[in-house]
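Line by line, the protein sequences are chains A and B.
Heads up: take any position in the first sequence, counting from 1, add 113, and you land on my numbering.
Heads up: take any position in the second sequence, counting from 1, add 13, and you land on my numbering.
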Amino acid sequence: SQQGEEDPQALSIQEGENATMNCSYKTSINNLQWYRQNSGRGLVHLILIRSNEREKHSGRLRVTLDTSKKSSSLLITASRAADTASYFCATVFSGGYQKVTFGTGTKLQVIP
Amino acid sequence: GAGVSQSPSNKVTEKGKDVELRCDPISGHTALYWYRQSLGQGLEFLIYFQGNSAPDKSGLPSDRFSAERTGGSVSTLTIQRTQQEDSAVYLCASSLYGTNTEAFFGQGTRLTVV
Numbered sequence: 114s115q116q117g118e119e120d121p122q123a124l125s126i127q128e129g130e131n132a133t134m135n136c137s138y139k140t141s142i143n144n145l146q147w148y149r150q151n152s153g154r155g156l157v158h159l160i161l162i163r164s165n166e167r168e169k170h171s172g173r174l175r176v177t178l179d180t181s182k183k184s185s186s187l188l189i190t191a192s193r194a195a196d197t198a199s200y201f202c203a204t205v206f207s208g209g210y211q212k213v214t215f216g217t218g219t220k221l222q223v224i225p
Numbered sequence: 014g015a016g017v018s019q020s021p022s023n024k025v026t027e028k029g030k031d032v033e034l035r036c037d038p039i040s041g042h043t044a045l046y047w048y049r050q051s052l053g054q055g056l057e058f059l060i061y062f063q064g065n066s067a068p069d070k071s072g073l074p075s076d077r078f079s080a081e082r083t084g085g086s087v088s089t090l091t092i093q094r095t096q097q098e099d100s101a102v103y104l105c106a107s108s109l110y111g112t113n114t115e116a117f118f119g120q121g122t123r124l125t126v127v
């Protein structure tokens, strides 16, 4: 079963606006990662936040992690048409196999 | 190589035939993953290899699916007696060993069963 669930499933915004996507998960994690997928093919890693971190920035990306609520959010500021893609959160469990388990994804459309 | 390589890029096969999908991970990456993605859906975990440990096969949907990883490098995903519901993009990823490492993805194999 999927570890993460993204919300919303789809998001449409105007270029220049901010986009916020949320991810919830079920069990204790070592880290949470966000990936982007264009055109239904390979995923590209965006950012990794460790379980002992609360916030992380990378360029126009801001990720927060609340382990007490088992949730994370990805904020893309000043969105561009090129940000149109599907965004997935992924988690690594804190025990057992260190495998990366993906959520259901958010489809973001940025309208020029 | 420079990245994760998957072959073929596209595969069309007749229902009932067997197919083999290949993944060449990044050199030195001990972890290798296979995922399946149906049109417009999320990633479905299939199998995970980590070094010489027994693979985690918990995501394989049926006994028609199997995977091998030879010499800790190249992996082959085999689907026997393909069905139309097997049509999907099959994605391979690899990563270094460790808990805080990112996964690098190949471009996937789009499998169409007709």
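Ideal Cβ positions, reconstructed from N, Cα and C, are used throughout, including at glycine.
1) By the criterion of Cβ-Cβ separation under 9 Å, what are the contact partners of A/Thr197 in chain B?
2) For the segment 18–30 of chain B against the segment 127–147 of chain A, are there 3 or more C-beta pairs whose distance is under 8 Å?
3) Once you ignore the five residues that flank A/Thr190 on each side, which residues in its own chain have a CB closer than 6 Å to its CB?
4) Alpha carbon to alpha carbon, how far is A/Gln115 from B/Ala15?
5) Indicate whether at least one CB of chain B lies closer than 8 Å to the CB of A/Lys212.
6) Using a C-beta to C-beta distance shorter than 8 Å, which residues of chain A count as neighbours of B/Thr43?
7) List the whole-angstrom C-beta distance separating A/Glu119 from A/Val223, where the pair is believed to meet the contact cut-off of C-beta under 8 Å.
8) How long is the line joining the alpha carbons of B/Leu34 and A/Asn151, rounded to whole angstroms?
9) Could you pull out every residue in the same chain whose Cβ sits closer than 6 Å to the Cβ of A/Leu156, ignoring the five residues on either side in sequence?
10) Per DSSP, what kind of secondary structure is B/Gln50 in: helix, strand or coil?
11) Given a threshold of 16 other Cβ atoms within 10 Å of its Cβ, counted over all protein chains shown, does B/Tyr110 qualify as buried or as exposed?
12) Distance, Cα to Cα, B/Val32 vs B/Ala80?
13) Is any non-hydrogen atom of the ligand PLP found closer than 7 Å to the C-beta of B/Gly53, if you look at the structure I gave you?
14) With 8 Å set as the bound, which would you pick, yes or no: does the beta-carbon of A/Arg193 sit closer than that to a beta-carbon of chain B?
15) Straight-line CA distance for B/Phe118 to B/Tyr61?
16) When you compare the CB of A/Leu161 with every CB in chain D, is at least one pair closer than 8 Å?
17) Here's the rule: buried if 16 or more other CB atoms are within 10 angstroms of the residue's CB, otherwise exposed. What is B/Leu52?
18) What residues of chain A sit near B/Thr112, judged by a beta carbon separation below 7 Å?
19) Cβ of B/Gln120 less than 8 Å from any chain A Cβ?
20) Along chain B, which residues have their Cβ under 8 Å away from the Cβ of A/Gly216?
So, from the listed chains and residues:
1) Along the first sequence, read from residue 1 onward, the residue named residue 197 of chain A stands at position 84. Simply none; closest approach about 15 Å.
2) no
3) Residue mapping note: residue 190 of chain A aligns to position 77 of the first sequence, counting from 1. Within the same chain, A/Thr190 has close Cβ partners Asn131 and Arg173.
4) Start at 1 with the first residue of the first sequence, and residue 115 of chain A comes out as number 2. Start at 1 with the first residue of the second sequence, and residue 15 of chain B comes out as number 2. Residue placement at A/Gln115 is poorly supported in this model, since its pLDDT is 45, which falls under 50; the coordinates are not used for a value here.
5) The residue you call residue 212 of chain A lines up with position 99 of the first sequence. Interface residue, yes.
6) One-based indexing of the second sequence puts residue 43 of chain B at position 30. In chain order: nothing, as chain A lies at least about 10 Å away.
7) Looking up residue 119 of chain A in the first sequence gives position 6. Looking up residue 223 of chain A in the first sequence gives position 110. The Cβ separation is near 17 Å, so there is no contact.
8) One-based indexing of the second sequence puts residue 34 of chain B at position 21. One-based indexing of the first sequence puts residue 151 of chain A at position 38. Cα to Cα, the separation comes out at about 22 Å.
9) Locating residue 156 of chain A in the first sequence gives position 43, counting from the first residue. Tyr148 and Gln150.
10) On the second sequence, position 37 is the one that residue 50 of chain B refers to. Three-state result, B/Gln50: strand.
11) By 1-based counting over the second sequence, the position of residue 110 of chain B is 97. Label assigned to B/Tyr110: exposed.
12) For the purposes of this step, residue 32 of chain B is taken as residue 19 along the second sequence, with counting starting at 1. For the purposes of this step, residue 80 of chain B is taken as residue 67 along the second sequence, with counting starting at 1. Approximately 12 Å, taken between the alpha carbons.
13) The ligand PLP is not part of the structure shown, which contains no ligands of any sort.
14) To locate residue 193 of chain A, count along the first sequence from 1; it is residue 80. Chain B, which has no Cβ nearer than 8 Å to the Cβ of A/Arg193, makes this no.
15) On the second sequence, residue 118 of chain B is found 105 positions in, with the first residue counted as 1. On the second sequence, residue 61 of chain B is found 48 positions in, with the first residue counted as 1. Answer to the nearest angstrom: the Cα atoms are 14 Å apart.
16) Included in the structure are the protein chains A and B, with no chain D among them.
17) Taking the second sequence and counting its residues from 1, one reaches residue 52 of chain B at position 39. Its Cβ having fewer than 16 others within 10 Å, B/Leu52 is exposed.
18) By one-based count along the second sequence, residue 112 of chain B stands at place 99. Those are Asn143, Asn144, Val205 and Gln211, listed as they occur along chain A.
19) By 1-based counting over the second sequence, the position of residue 120 of chain B is 107. Yes, contact with chain A.
20) Here residue 216 of chain A corresponds to residue number 103 of the first sequence, with the count starting at 1. Those are Gly55, listed as they occur along chain B.
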